[in-house]
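Asker: Here you go, one structure.
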Amino acid sequence: SVACSPDGKRVISGSWDKTLKVWDLETGSLIRTLSGHSWTVLSVACSPDGKRVISGSWDKTLKVWDLETGSLIRTLSGHSWTVLSVACSPD
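Under our numbering, the first residue of the sequence shown carries the number 1166, and numbering increases by one thereafter.
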């Protein structure tokens, strides 16, 4: 899964390697790698303000990340099966 930041400057990709990667869209360079999922990342969404990234995984969790620092803000658990898709509302 891939998501673009609202300002169009960064793209965030989720992978089978259990990570998310944040890329500079203009230069193509890797900005940082976000690690924390224990299984494949299937879905990625960027918040409308561009401050957060939400990822969903085969590990049955959603994770909320700070896009600027790459730090994990929180893990949302409770699903009994894979999280296939994530989305953010504008409010």
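Just so it is clear, CB atoms sit at the ideal spot from N, CA and C, and this is done for glycine as well.
From W1188 to D1224, what distance separates their C-alpha atoms?
Answerer: Roughly 24 Å separates the two Cα atoms.
Asker: Establish whether the CB of T1226 and some CB of chain B are separated by less than 7 Å.
Answerer: Here there is only one protein chain, and chain B is not present.
Asker: Expressed to the nearest angstrom, what Euclidean distance is found between the alpha-carbon atoms of S1166 and G1221?
Answerer: Cα to Cα, the separation comes out at about 10 Å.
Asker: Rounded to the nearest angstrom, how far is the Cβ of V1258 from that of I1177, given a contact under 8 Å?
Answerer: Only positions 1166 to 1256 of the chain appear in this structure, which leaves residue 1258 out of reach.
Asker: Taking just the CA atoms, how far does E1233 sit from W1181?
Answerer: Roughly 23 Å separates the two Cα atoms.
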